[in-house]
Structures are given as C-alpha cells and as structure tokens.
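J.: Residue numbers (the numbering used here), protein chains in the order written: chain A, 13 to 942; chain B, 171 to 683.
Note that the Cβ used here is the ideal one computed from N, Cα and C, for glycine as well.
All values reported here derive from a predicted model rather than from experimental measurement.
Have a look at this one before I ask anything.
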Amino acid sequence: MTLLLIVLLPLVGSLVPIASARSGRTTCAWLTAILPAIALGIAAWYTPAVFGGQLPQVSLDWVPALGLDIAFRLDGLSLLFVYLVLGIGLLIILYARYYLSEKDSMSRFYAYLMLFMTAMLGIVTADNLLLMWFFWELTSLSSFLLIGYWSHLSEARKGARMALTVTGAGGLCLLAGILLMGHVVGSYSLTTVLEHRELIQQSSLYQPILLLFLLGAFTKSAQFPFQFWLPHAMAAPTPVSAYLHSATMVKAGVFLLARMYPVLSGTDEWFYIVTLTGLATLLYGAFFALIKQDLKGVLAFSTISHLGLITLLFGFNSKLAAVAGVFHIINHATFKASLFMAAGIVDHECGTRDIRKLNGLWRYMPYTTVLAAVASASMAGVPLLNGFLSKEMFLAQSLEAQMLGGLSWMIPALATLGSVLSVAYSLRFIHDVFFNGEPRDLPKTPHEPPRYMRLPIEILILLCIMVGILPGIMVEPILRAATAAVVPGQAPEIHLALWHGFNLPLMMSAIALSAGVLVYLLRNHIYRFHRQFRAVNARQSFEFSVQRVVRSAQWGLDRFENGSLQRYMFLLLLSAVIVAAFGLMDVPSMAGLKSLQPLDPVVVTGAGILCLAGLGTVMLHRRRLLSLLFLSVVGMFVSLTFARFSAPDLALTQLAVEVVTIILLMLALFFLPQKTPKESSGRRVSRDILLSMIFGGVIASLNYAVLTRPLQSISTYFIENSVPGGGGHNIVNVILVDFRGFDTLGEITVLGIAGIAIYKLLNRLRLFMPSSDMEGRPWSPDRYPVILSSVSQTLLPLALLVSVFIFLRGHNLPGGGFIAGLVAAVVIILVYMSRGVEWTQRRMSFNYQPIAVTGVAIAALTGLGSWVFNKPFLTSSFGHFDIPLIGDIELATAMMFDLGVYLTVVGSTLMILANLGKVTTPHRPSKEKQ
Amino acid sequence: MDHLLVLPIVLPLVAGLATLIRREVGTRYKRSMSVGATALLVVVAALLVYMASDGTIRYYALGGWQPPFGIIMVLDRLSAMMVLLTSVLALFCCIYACAGQDEEGSNFHGLFQLQLMGINGAFMTGDLFNLFVFFEVLLIASYALLMHGGGKARTQSGLHYVALNLAGSSLFLIALGVLYGTLGTLNMADMASRIAGLGTDRTGLVKSAGLLLLTVFTLKSAMLPLYFWLPRAYAAAPAAVAALFAIMTKVGIYAIIRVFSLLFGDRSASLADMAAPWLWWGGLATLALAAIGCLSARDMRTLVSYLILVSVGTLLTAVSLPGNDSMAALLYYMIQTTLVTGGLFLLADIIDDQRGKAGARIVKSRPLRQSSLLGGLFLVGMAGVAGLPPFSGAIGKALILQSAEGSDRLWLWPILLIGGLCTIVAASRAGSTFFWRSHEGEPSGPLMGKRRGLATLALIGAAPLLSILAGPLTHYTQSTAQQLGNPSRYLDAILTPTPINQAMPTPAGEVSP
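Set out below in structure tokens:
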C-alpha cells in the first residue's frame with residue numbers, strides 16, 4: 013500500500029500550494045516540496061528490493077465492469093522514471109521559486125506542476141493500461157494549463173491549445189489501442205498483457221494495435237510529423253519547458269515504447285515504422301535546432317532530435333539498442349533540463365532569448381557560462397560526459413541494424429549526420445550566446461542569478477559528469493533494473509565504460525565532433541540556403557486550419573439548420589412515412605377478414621363533404637378566415653360522424669371543443685394579416701403535395717388494414733365492470749373518471765398548464781392592434797351589438813343550468829364533467845364577446861387560474877383520499893344514499909373527480925380567452941403581480 | 171400497498187398545484203415549497219432505487235384496476251434509476267432558479283413541478299397510452315418553461331419546438347391507434363405477450379406502428395434528421411430550464427429502451443431488433459453532426475446544446491448495439507452526461523452574467539469576476555463531457571467503446587473518438603477565450619452567489635464524483651441491463667397475478683352508507 017503513496021502524495025501536494033498561498037513565496041515553495049520529497053524517499057526505500065529483482069505491486073478494484081483497477085507496480089523502468097520525475101521535479105520547484113516574478117501566481121503554478129507530477133508518476137507506475145491512459149490524458153490536461161500559464165500571451169494560449177489537440181488526439185488513439193489490446197488479451201492488467209507477447213503478435217489485430225499505440229507515443233514524444241506542437245509549447249515559463257517538454261512529459265511517449273517493447277517489438281512493422289520515424293525526427297530536429305534564433309527554440313528542436321534518437325534506438329529490435337535507449341533517456345533528461353534552466357537564467361537576466369542579440373555573456377555570468385558549456389558538451393557527446401556514453405552506444409547499434417538490406421549502411425551514415433548536427437548546434441548554443449563578441453541592445457544588464465537558482469543546474473551538471481566518468485557505479489544498477497523490465501527474457505550484458513578501445517563507433521564520434529565544428533563554422537551558408545524557403549509558422553497554420561474547420565462547420569450547419577420550420581416538418585413527416593411504409597410492406601394484404609359495412613347515402617354525403625372541406629382548408633390556407641371556416645366544417649362533420657356511429661359523448665365533446673377552438677382562433681386571427689403571402693416556390697409546393705399524398709395514402713392503408721381485422725380487446729372487461737366496479741352506466745365516463753382516471757388527471761393537468769402557458773406568453777405581449785381590415789375599412793364602431801348582448805345575457809343562466817345537468821347525469825348517461833365544462837365555457841365566452849372584456853370582468857371578477865388549478869387539485873385530492881382507506885391512488889367508491897325530498901341518489905367519488913375536470917375545463921378555457929381578450933382591450937393591465 | 175411508487179408523480183403534482191393556486195403568494199413560499207418538494211422527491215427516488223435494487227419488479231395499480239385493464243406504475247431498476255437521476259438534476263436546477271431566475275416571469279415553480287410530474291410519469295408508467303399522456307404533460311410544461319422570461323429568441327425557437335413536438339404527438343396517437351387496433355390492449359407487458367403470439371397478417375401492422383413510435387421517440391431524443399428543435403431552443407431557454415432539459419432527450423431514449431426491449435425483444439420473433447439499424451445509423455450520423463455543431467458553436471449555450479446532441483448520438487448508437495454490456499455502459503454514460511451537461515448550462519449562464527455585453531458568446535471581452543473558480547468548473551465540466559480522464563465521461567465512453575464488437579467498431583470507434591476530439595478543440599477554444607483572452611480592465615460582473623454556486627458545483631462535481639463511484643454505479647447498471655435483457659421477468663411480474671383470461675375480481679366494492 014505504501015506504493016500508492018508515491019502517486020497520492022503529489023496529488024495531495026497539489027493542494028498544498030493553494031493552502032499556503034498567503035504564507036510567502038519561499039515558504040510556499042518549501043511546503044510544496046515536502047510531499048514529493050517524501051515520495052522520493054519512499055521510492056528510495058523500495059530501491060533495494062527492485063534492484064533485487066522483486067516487483068512491488070498494489071491493486072484495488074475500481075470499475076470491474078471496465079477492467080479498470082487502481083493497480084500500480086514498481087519495476088525497474090518505473091523506478092527509473094519515478095526518480096527522474098520526482099528528482100527533477102524537486103529541482104524545478106526550487107528553480108521556479110526564483111524564476112517566477114512577483115506578478116505571477118506562485119500557488120497556481122505549483123498546483124498545476126504538482127498535478128502534472130502526479131499524472132506523470134501515474135503513467136510510469138500504473139499496472140493497468142486503462143489507468144495508465146487516465147494519467148496519460150491528465151498529463152495533456154495539466155500541460156495545457158502550464159503552457160497557458162501566462163494566459164495574457166497569445167502564443168501561450170495558442171500553443172497550449174495546439175499541444176492539447178495533438179496530444180489529446182494521440183491519447184484517443186492510445187485509448188483505442190488499449191481497448192483493442194484488452195480485447196485480445198482479455199485483461200488490461202499490464203502484468204498479464206506483458207505475458208502474452210505471442211498472443212498479441214499473432215492476433216489479426218496486431219497491426220491496428222501497434223499503429224494506435226505508436227500514434228499515441230509519437231504525438232506525445234513529438235515525433236515527425238507530429239513534432240510541430242513542441243516548439244510552440246515553449247511559450248510556457250521555462251521551468252515548465254525544462255520539466256515537461258524536455259525531461260519528463262515528452263518522455264512519456266518513449267516510455268510507452270519501452271513499456272510495450274516486450275510485447276509489441278520484434279516485428280518488421282515495428283522496425284520500419286519506429287526506426288524511420290525516429291530517423292526522420294532525429295534529422296529534422298537537428299537541422300532546425302541549428303537554424304533557430306530563439307534560445308528555447310534551439311533547445312526545443314534539439315529535444316525533438318534527441319527524442320527521435322531514442323525512438324530510433326527502440327526501433328532497432330535489438331536488446332542492446334533498447335538498453336541504449338533507456339540510458340539516453342536518463343542522460344538527455346539531465347543535460348537538457350540543465351540547459352533549459354540555463355536558458356531560463358539568460359532569459360531572466362537579459363530580458364531576451366534572441367541569439368542575435370545575446371553575445372559574450374561570459375563576462376557577466378561566468379558561472380552560468382561554465383555550467384551551460386558542460387551541459388552542451390554532454391549534448392554534443394564530448395567524452396567524459398554522460399552524453400558521450402549513450403551516443404557511442406547509439407552509433408554502435410546503428411551499425412548493427414541490417415533490416416534495410418543493401419541500404420543498411422545508410423542508417424549509421426545518417427546517424428553520424430545527426431550527431432554532426434548535434435555537435436554544431438551545441439557549439440552554437442555556447443559560442444553564440446556566451447562568447448562571440450558583445451551583447452547588442454539587451455533590455456536589461458545581465459548579471460549572475462541568485463545562488464539558489466543556479467543550484468539545480470549545478471546538481472544536474474554534477475550528475476552529468478559523474479555518470480560520464482563513473483558510469484559503472486552511478487547508473488549501471490538502475491539501468492540493469494530498468495532493462496530487465498524492457499527487454500524480455502535473458503537480459504543483455506551491460507558494460508558501461510568510458511573506453512572500449514579504438515573501434516568504428518569511436519571513429520564516428522570523432523567524425524561527428526570535427527565535422528560538427530566545421531558545420532558550425534560554415535553555418536552562414538546554411539542560413540542563406542534556408543532563407544530561400546518561406547518560413548512556415550506551425551502555430552499560424554494550426555490556427556488557420558482550426559479557423560477554417562470552424563468556419564466551414566458554421567457554413568455547412570447554417571445551411572442545414574436554416575431555421576425553416578417547413579424543412580424540419582418535411583423531414584419529420586418524411587421519416588414517419590418511410591418507416592410506416594416499411595412496416596406496411598410486410599402486410600400480406602391490406603384487407604382483413606372483417607366484412608365491410610354497407611354504404612348508405614348519408615355516410616357517403618358526409619364523407620364527401622368532410623373531404624371537400626378538408627381540401628378547402630388547405631387550398632384556401634392563405635385566406636385565413638375562409639380557411640378557418642372550412643376547418644370548422646371539418647370539425648362539424650367529425651362530430652356528426654361520431655353521432656352517426658353511436659358515440660354521443662364523443663359527438664358532444666367534439667362539438668363543444670370545435671366551438672371553443674374556432675372562437676379562440678378567430679380572436680388570434682385579429683392580430684394577423686388576413687392573407688398569407690405566397691412564399692413557397694412551385695417546386696416546394698409540388699414536393700409537399702407529393703409528400704402529403706403519400707402520407708395520406710399510408711395512413712389510410714394503416715387505418716383500413718386495422719379496421720378490417722377482427723379484434724379481441726380489453727374493452728369487454730370495461731363493459732362488464734362499468735356498473736359493478738365503477739358504479740356508472742355510461743362506460744365512456746367510467747373509463748374517463750375511473751378505469752383510466754389517471755390519464756384524465758394527466759390530461760386536465762395538461763389543460764391547466766396550457767392556460768398558464770398562454771398567460772405566460774401573452775402577459776407581457778404588446779401587439780400591434782389593427783384599426784381597420786386589409787382593405788382599409790375600419791372595424792365596426794359598434795363593438796358590442798345590442799341584440800347579441802341581450803340574447804347572450806339571457807342565455808347565460810340557462811346554459812349554466814344545462815351544463816350542471818350534463819355534469820350530473822354524466823356518470824350514467826351521455827355527459828360528464830368535460831362536456832359540461834365546455835358548455836359553461838362557451839356561454840361565458842359568448843358574454844365576453846358580446847359585452848367586451850371590461851364589462852364582463854367588472855361583473856365576474858374571477859381570476860381564472862385558481863379555478864383551473866383548484867379543478868386539478870380536487871381531482872388529485874379525490875385520488876389521494878383513497879389512501880385514507882388504504883386503497884391505491886384514485887380508487888373510486890360509490891353508494892346509494894336516501895336523501896329526504898330527493899329520494900334515492902347514487903353518489904360516487906368519481907363525481908368529485910369529475911367536478912375537478914369540470915372546473916379545470918372552465919378555468920383553463922376562460923383563462924385563455926381572458927388573456928387573449930386582454931391583449932385586445934385598450935386598458936391592458938401592465939405586468940400582473942405574480 | 172406501497173404508495174411510494176406513485177409518489178414521484180403525485181408529490182410534484184401536489185406541490186405544483188399548491189404553488190399555482192394563487193399567483194400572488196410570496197416568493198419565499200413558492201421557493202421553499204418547490205425546493206422542499208424536490209428534495210423530498212430525491213429522498214423518495216432514493217428509496218425507490220433501494221427497493222428496486224433487490225431485483226423484484228413491482229407495480230402499482232391505479233384505482234385498484236389490475237393490469238392489463240387499468241393503468242399501472244412499474245418500478246424496476248431502470249425506472250427507479252431514471253427517477254433518481256431526474257430528481258437530483260431537478261433539485262439543483264431548482265436551487266439555481268431560486269437565485270432570481272424564477273422571478274423573471276410568472277408561475278415558474280409550479281410549472282417546474284408539473285414538468286417533473288410529467289418526466290417521472292413517463293419513467294414510471296407501464297401503460298403505453300399513459301406514456302402518451304405524460305409526454306403531453308412534459309411537452310406543454312416544457313414549452314411554458316421555455317417561454318419563461320420571454321424574448322424574441324425564446325418565442326421563435328419555442329414555436330419550432332412546440333410545432334414539431336405536437337406533430338410528433340399526432341404520430342404517437344396514430345401509432346397507438348394502430349397498436350390498440352391490432353393488439354387490443356394498452357398495457358405494455360400485455361402488449362408484449364400478445365406480440366409474441368401474433369399472426370403473420372398483423373406483424374406488418376405492428377411493425378409499422380412500432381417504427382412510427384420509434385420516429386416519435388427519436389424526435390424526442392433529437393436524432394438526426396429530427397433534432398432541429400433542440401439546439402436553438404436549448405440555447406435560448408433560461409439556464410435552470412435548459413439544465414433540466416438535459417433529461418428531456420433522455421426521456422426519448424428511455425422510451426426507446428423500454429418499449430423496444432419489452433415489446434420488440436427476443437420474444438417478438440420477426441420483429442426483434444427492428445429498431446437497431448435505424449438507431450445505429452441515425453445515432454452515428456447524429457454524433458457526426460453534433461461534433462460539427464460543437465465546432466461551429468458561436469456561444470457557450472449553443473456549444474452545450476450540441477454537447478447534448480453528442481451524448482444523444484452516443485446513447486442512441488449504444489442502444490442499437492446488441493448485448494447487456496452496451497446497455498449497462500450506456501446507462502452509466504447517461505447518468506453522468508445528464509448531470510454534467512446540465513451543470514454546464516448553469517455555468518454558461520454565470521459566465522454570461524459576469525461578462526457584460528459579450529455574454530456567453532465566444533469573443534474577447536472583459537475579464538470574469540470569478541475567473542479561477544469558473545475556469546476550474548469549465549475545465550472539469552468540459553473534460554467530463556469530452557471524455558477526458560479522470561472524469562466520469564472517460565469511463566462512460568470507454569465502457570461504450572469496449573462493448574462494441576467486431577465490425578461495429580470500425581464505425582463507432584472513429585466517430586466517437588473524433589467526436590471527442592472535436593469537443594476538445596471546441597471547448598479549449600471557448601475556454602481560452604473566456605478565461606485567458608480578456609481585455610484589460612477590472613472585472614465588474616455580479617458574483618455568482620451561494621445558490622447558483624452550489625447548484626453549478628454540485629452538477630459539475632458529478633464528473634469527478636461519478637468517476638470515483640463508478641464501481642458501484644456500473645454494478646447497478648449492469649444488473650439493470652440484465653433485468654432489461656430478460657423481459658419475461660417483467661411480463662411475469664405484471665401479468666401472472668391476474669392472467670388475461672381469468673375472471674377479474676372487482677377492485678372496489680360498494681360502500682354501504
């Protein structure tokens with residue numbers, strides 16, 4: 013369990029700087045360093061065990077469904093990286109304390125840094141591939157935050173997004189690769205995966221897996237052609253560049269190569285892809301490192317080049333090459349981190365990173381000059397320094413690669429070329445910056461940095477030298493342990509020594525050194541040669557392509573979602589008709605077994621008028637009033653149809669609904685132009701006609717097919733149980749208020765909400781009030797005709813009585829709350845229309861919302877009442893009561909429910925009407941109190 | 171008699187009516203009523219989940235009318251989970267609205283509660299017609315809420331919303347008519363058992379009606395080419411409403427899962443899996459379109475609307491995948507995406523508030539007042555929906571990717587992963603503009619305050635929290651998927667006590683006076 017602490021401590025540590033933000037900068041730095049230092053101690057405590065060949069592991073369940081466990085391991089490779097991450101991390105914390113200015117938020121920086129450290133430690137110690145991927149993406153996220161730390165700089169923001177996009181994309185590829193790998197192996201556990209080399213390599217999915225893993229690794233390690241994000245990530249503060257973009261995060265890619273080396277390597281695909289990519293990156297990076305005028309740019313490209321070198325080594329499919337790769341990871345981390353920190357000091361003290369301005373700094377900062385020179389020499393591969401050792405191994409291994417057949421000689425040749433360039437840019441870094449004349453217009457006068465800012469570099473340089481001189485003592489044990497994790501089976505013999513005698517690699521080294529000096533001397537020719545190419549700024553072209561993608565997405569989508577309801581509706585109906593037709597084609601014959609009813613003249617005439625009225629509604633739709641009149645004819649005939657086929661309840665309801673809706677629509681029409689202009693093109697109209705004909709045809713066929721098939725339905729149960737169970741002879745009403753009372757409760761809720769919604773819509777609406785019709789004739793000044801108003805007033809009590817009558821008989825005879833409510837609403841509407849809103853409101857000063865809501869509430873409470881008797885919601889009961897004078901009467905709880913329906917219908921309808929009416933009256937109330 | 175099963179509907183109904191009955195009542199009363207009722211709903215839902223987790227399928231016969239004749243509410247793992255998800259989301263939306271958005275128009279809290287009644291009803295009901303009724307309740311309530319606060323954008327997008335959805339309701343009715351006309355019943359379990367023994371002359375009709383239902387449900391869940399009502403409406407809606415609407419598309423997806431696993435499951439012979447190809451291609455197309463939409467978004471609300479579409483596409487595609495694993499995966503994904511996208515809508519509103527004229531548009535403007543806090547929330551929320559670890563989205567996406575088999579992978583993986591990348595690009599563009607690229611000058615917007623802060627934090631906090639709890643959650647969704655994969659248990663639970671042909675005992679007798 014102690015193993016968990018290596019990752020957990022830095023995670024907790026990311027909160028420390030936030031908590032200690034107010035305690036001063038130095039204290040904050042020290043406090044931040046405590047937890048990673050403990051973690052480093054734990055790693056050291058494990059070291060003997062790991063060197064002894066043990067494998068400390070810990071595993072906790074997290075998401076078993078996914079195969080994701082919190083599993084960590086500490087093998088040699090992990091241990092090596094843990095040392096790198098924590099050791100360099102601690103130095104960076106110290107360095108950043110002096111690097112960051114007063115304006116920069118220290119706690120934020122440290123918090124991000126610790127988050128990154130956690131993620132990195134997670135990658136290297138994870139024993140579950142998915143867990144590793146979690147941390148992998150977390151490094152992308154935290155590096156995004158760190159690159160964008162100076163968020164006021166445009167290049168920082170863009171650089172951050174670019175890095176996130178590229179490494180994020182790589183991470184997604186890696187995820188796909190891991191999932192495929194898990195599919196093949198049956199587990200994501202690294203320990204298990206590493207045991208199944210044969211299985212993976214023989215699987216048909218090997219190639220996709222390899223490709224996806226490599227894409228992940230190459231994007232992270234900035235391999236060609238994904239190298240472009242790294243130089244722009246240098247917009248980050250220098251401690252970040254030193255830590256993330258040279259020593260650790262970019263190493264995650266090569267770490268992945270090393271991690272998967274035991275199972276993925278050894279095939280031709282691996283060799284070709286990895287070596288060629290590595291080689292291309294090596295040369296590309298080296299060339300541009302020579303060209304760049306920005307100090308950090310030089311280091312960025314040299315990092316790319318060295319990452320290419322490591323990749324190339326892993327590609328060779330030879331055990332010793334892999335060892336060299338691991339060794340170079342260590343060496344590169346030490347010298348490159350110190351170089352970045354030195355560059356940071358130069359930038360910090362001089363105010364610029366432009367090599368053309370920086371010259372002769374040795375006079376101002378002799379100490380730093382020496383440190384930088386040693387680090388550069390190590391990078392160039394000068395003997396007695398660690399860079400020399402791994403470079404020698406690299407050159408030796410390049411000679412071994414034979415996979416290119418007759419062209420195999422090119423690999424050592426190109427490797428030497430890479431080394432030549434490496435020497436040249438290392439030389440340039442030192443000579444151009446610290447020597448070579450006097451500095452030119454520096455913003456600041458340079459001087460030595462604070463003591464402790466130099467300390468991290470000194471430590472790293474010391475390591476470079478000691479490893480270079482005494483490799484056997486310094487790195488051999490850990491290298492051996494790490495190699496054991498990378499190279500399967502018998503570990504190769506490692507002999508780290510300064511002197512191997514005169515051999516070909518030594519000669520190549522010598523060539524590299526001397527030719528490197530030569531190239532440096534001739535550098536102006538290279539610059540001149542390079543000047544003929546147009547400079548391509550990856551950031552700009554990235555930004556440009558993102559912009560272009562965004563703009564074309566906008567262009568396309570604006571055309572697709574053009575805001576036309578006609579188009580959306582067309583697509584909806586088209587989809588419906590296609591799927592419905594799809595099913596209908598499976599029906600063997602449209603007609604079923606039922607015989608048809610005989611036609612009689614009344615039905616035929618009615619159907620004919622119905623069709624014609626429907627057609628009329630559509631054809632006259634641009635003359636709205638006429639169209640509405642035709643619509644009312646349709647409604648009328650639907651009601652008559654119900655009556656003809658013995659459904660008096662439906663007929664009554666339909667009739668009342670028709671009346672109310674048509675009146676409300678007429679009110680709405682008042683605000684609209686009376687004619688709709690012709691807007692659709694002929695093509696559109698014919699398209700729509702075609703669709704509606706097909707739609708009609710399909711629906712008609714469905715209807716016909718359904719109606720001609722005999723049916724056994726649950727309705728017989730309702731017929732049988734209406735009286736004994738529901739206490740009513742009107743089955744329709746019993747269904748509405750009892751069998752399916754819950755549906756009705758829902759529907760009256762809908763009605764209530766509709767009223768409230770319309771209130772919401774109209775409450776603050778200010779509409780243009782026409783004073784004349786389309787032809788300019790003023791509306792009649794006689795707004796409230798006398799005859800109509802007196803008739804309506806007389807009618808009011810009568811109609812209300814009728815509505816009560818219909819309501820009361822509802823349970824046993826055609827009628828019921830819904831119809832009764834509509835009847836009452838209709839007559840009140842009539843009064844409104846004949847007398848005007850103001851007159852009516854003065855006499856009937858109801859607020860309709862409470863009426864409607866009370867209606868629903870009565871229905872709901874009726875339902876709740878049954879809980880008192882321990883019966884389910886909405887259970888009805890009824891009984892016969894003998895009341896004096898009236899006699900025997902049946903009372904049912906369903907009637908209470910029906911009363912709720914009645915009130916809701918009246919309340920909602922009138923609420924809609926009153927609100928529409930209010931819009932028309934000159935004294936519209938302003939925003940009503942809520 | 172366990173009245174708990176009907177409480178998710180009755181409780182918000184009563185609370186809604188109590189706040190609506192008088193328009194003039196004090197703000198304080200309405201707020202405490204609404205928040206209190208929603209909090210109580212969370213408790214009820216948690217109890218329901220607890221009840222359901224024993225694997226028994228329970229039902230509640232309304233009015234005592236036993237299935238298949240009366241309407242029933244059914245409690246199984248899925249419905250319990252959906253109700254809990256809704257109530258948790260709603261609680262925080264409600265708290266957010268209490269910071270002032272509820273007073274921008276009339277009757278907010280009442281409508282909000284009725285909306286919850288509609289959503290919960292749709293999740294609980296075991297009757298297809300009753301499902302239609304609850305669809306109507308939630309449609310009309312959502313329309314009213316969408317209009318809350320008024321304004322041109324809302325009115326315009328609201329018209330499209332209501333028109334398309336009403337057309338959808340008509341199609342629903344047609345489908346219901348055909349189904350009742352061929353099967354003669356409305357109870358879903360009964361329908362399923364009748365479909366299993368259907369004659370060949372009727373299968374086509376049932377198929378036709380089933381596919382019409384699919385059209386309606388995919389309209390509700392906003393699948394291409396029926397999604398058009400969503401982006402503008404959601405972007406225009408008031409934040410608390412938009413956040414609640416994160417569950418609305420899931421109602422459609424729930425309906426697809428419920429109806430098609432039950433009615434058209436393995437027992438339905440030739441009709442089995444008839445929805446799969448439509449959902450597969452439609453879901454993939456939606457996913458692709460939504461990714462383009464994310465890239466094209468000009469402001470954060472639109473971006474989040476398209477993120478909703480991304481989740482819809484992902485879910486629909488996953489629904490069409492065979493097997494229980496994909497079902498378990500998509501249920502987990504659904505929980506987390508609903509909460510986090512809801513939180514992002516709230517966040518968009520706060521950002522809008524603090525940026526003055528620029529609002530939520532992705533343009534340079536003055537700095538935010540609470541830049542670090544909002545930036546952190548933005549990062550977590552967006553990383554959560556984009557599927558970046560260590561947040562829940564990554565687990566959900568990985569589960570779905572993992573559940574795809576064979577050649578399905580060739581389509582699903584690239585589209586889902588590239589869609590995720592588009593989300594990352596879009597979100598990093600928006601985020602760096604909001605939090606990094608600002609004019610000089612002092613921030614001056616209003617602070618977000620406790621209520622809005624709590625609500626946003628809680629919903630976006632789901633991204634890390636559900637990731638930590640992924641173990642137990644996926645365990646629950648796995649058993650849910652198993653329950654769904656075995657519809658005969660559902661049928662047994664509902665139809666066995668009173669088989670169709672047996673004589674029915676009358677549920678309510680005469681009460682003597």
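Should Leu76 of chain A be flagged as near chain B, meaning a C-beta pair shorter than 8 Å?
T.: Correcting the residue type first, residue 76 of chain A is Pro in the shown sequence and not Leu. With 8 Å as the cut-off, Pro76 of chain A counts as an interface residue toward chain B.
J.: In the DSSP assignment, find the unbroken alpha helix (DSSP H) run with Gly182 of chain A in it and report its ends.
T.: From DSSP, the alpha helix (DSSP H) with Gly182 of chain A extends over 166 to 197.
J.: By how many angstroms is the C-alpha of Lys263 of chain A removed from the C-alpha of Gln235 of chain A?
T.: Computed Cα separation, rounded: 11 Å.
J.: State the CB to CB distance for the pair Gly566 of chain B and Tyr502 of chain B, rounded to an integer number of angstroms; the pair is presumed to be in contact (CB under 8 Å).
T.: 5 Å
J.: Can at least three beta-carbon pairs, one atom from the stretch 208 to 224 of chain B and one from the stretch 876 to 883 of chain A, be found at a separation below 8 Å?
T.: No: fewer than three Cβ pairs fall under 8 Å.
J.: How many whole angstroms separate the CB atoms of Ile760 of chain A and Gly867 of chain A, which I take to be in contact at a CB cut-off of 8 Å?
T.: 7 Å
J.: Count the other C-beta atoms from every protein chain shown that fall within 10 angstroms of the C-beta of Ser658 of chain A, then say buried if there are 16 or more, exposed otherwise.
T.: exposed
J.: Check whether the Cβ of Pro600 of chain A lies closer than 8 Å to any Cβ atom in chain B.
T.: yes
J.: Rounded to a whole number of angstroms, what is the C-alpha to C-alpha distance between Leu629 of chain B and Asp224 of chain B?
T.: 28 Å
J.: Per DSSP, which residues does Leu245 of chain B bridge with? Please list them.
T.: B:Arg228
J.: Determine the direct distance from the alpha carbon of Asp371 of chain B to that of Pro600 of chain A, and round the result to whole angstroms.
T.: 6 Å
J.: Using only the alpha-carbon positions, how far apart do Gln213 of chain A and Val275 of chain A sit?
T.: 7 Å
J.: Entirely within the stretch 204 to 277 of chain A and at least 4 residues each: give me those alpha helix (DSSP H) ranges in chain order.
T.: 209 to 214, 218 to 232, 241 to 245, 250 to 254, 261 to 276
J.: Which word fits Ile863 of chain A, buried or exposed, when buried means at least 16 other C-beta atoms lie within 10 angstroms of its C-beta?
T.: With 16 or more other Cβ atoms within 10 Å, it is buried.
J.: Just how far apart, CA to CA, sit Pro237 of chain A and Ala410 of chain B?
T.: Computed Cα separation, rounded: 46 Å.
J.: Would you report the Cα separation of Glu940 of chain A and Leu763 of chain A, rounded to the nearest angstrom?
T.: Bear in mind that a pLDDT of 38 at Glu940 of chain A, under 50, signals an unreliable position, so the number given afterwards is only what the model happens to contain. One C-alpha to the other measures close to 22 Å.
J.: Can you tell me the Cα-Cα spacing of Val338 of chain A and Asp519 of chain B, whole angstroms?
T.: 51 Å
J.: Would Tyr95 of chain A pass as a contact of Phe121 of chain A if the rule is Cβ separation under 8 Å?
T.: no
J.: Between B:Ala188, B:Glu194, B:Leu465, which lies nearest to Glu273 of chain B when the distance is taken from Cα to Cα?
T.: B:Glu194
J.: By the DSSP assignment, the beta strand (DSSP E) with Glu902 of chain A in it spans what residues?
T.: 899 to 904
J.: Would you mind sorting His741 of chain A into buried or exposed? The rule is 16 or more other CB atoms within 10 Å of its CB.
T.: exposed
J.: Any C-beta of chain A within less than 7 Å: which residues of the stretch 467 to 493 of chain B qualify?
T.: none
J.: If you measure from the beta carbon of Gln566 of chain A to each beta carbon in chain B, is any gap under 8 Å?
T.: yes
J.: How big is the Cα-Cα spacing for Ala123 of chain A and Val28 of chain A?
T.: 8 Å
J.: At a CB distance below 9 Å, what residues from the stretch 750 to 762 of chain A approach chain B? Give them in sequence order.
T.: Asp750, Phe751, Arg752, Gly753, Phe754, Asp755, Thr756, Leu757, Gly758, Glu759, Thr761, Val762
J.: Looking at the structure shown, is Ala392 of chain B part of a helix, part of a strand, or coil, going by DSSP?
T.: coil
J.: Cβ atoms of Ala384 of chain A and Ala354 of chain A: under 8 Å apart, would you say?
T.: yes
J.: Taking the alpha helix (DSSP H) that Ala475 of chain B falls in, what are its first and last residues?
T.: For the record, residue 475 of chain B in the displayed sequence is Ser; it is not Ala. Residues 470 to 490.
J.: Could you spell out the range, first to last residue, of the alpha helix (DSSP H) harbouring Gly655 of chain B?
T.: From DSSP, the alpha helix (DSSP H) with Gly655 of chain B extends over 640 to 655.
J.: Determine the DSSP secondary structure at Gln326 of chain B, reduced to helix, strand or coil.
T.: helix
J.: Threshold first: 3 residues or longer. Then list the beta strand (DSSP E) segments lying entirely within the stretch 38 to 94 of chain A, N to C.
T.: 69 to 75, 80 to 85
J.: Would you list the one or two residues that DSSP bridges to Arg531 of chain B?
T.: Arg531 of chain B pairs with B:Asp469.
J.: If the cut-off is 8 Å on Cβ atoms, which residues from the stretch 235 to 267 of chain B count as contacting chain A, listed in chain order?
T.: Trp235, Pro238, Phe239, Gly240, Ile241
J.: Which whole-angstrom value is the C-beta distance of Val918 of chain A and Ala811 of chain A, which I expect to be below 8 Å?
T.: Contact doesn't hold; Cβ gap of about 12 Å is too wide.
J.: Shortest alpha-carbon distance to Ser249 of chain B belongs to which of B:Thr650, B:Pro657, B:Leu232, B:Ser658?
T.: Closest by C-alpha distance to Ser249 of chain B, out of B:Thr650, B:Pro657, B:Leu232, B:Ser658, is B:Thr650.
J.: Using the Cα positions of Leu184 of chain A and Asn494 of chain B, report the straight-line distance between them to the nearest angstrom.
T.: Each residue's alpha carbon lies about 25 Å from the other.
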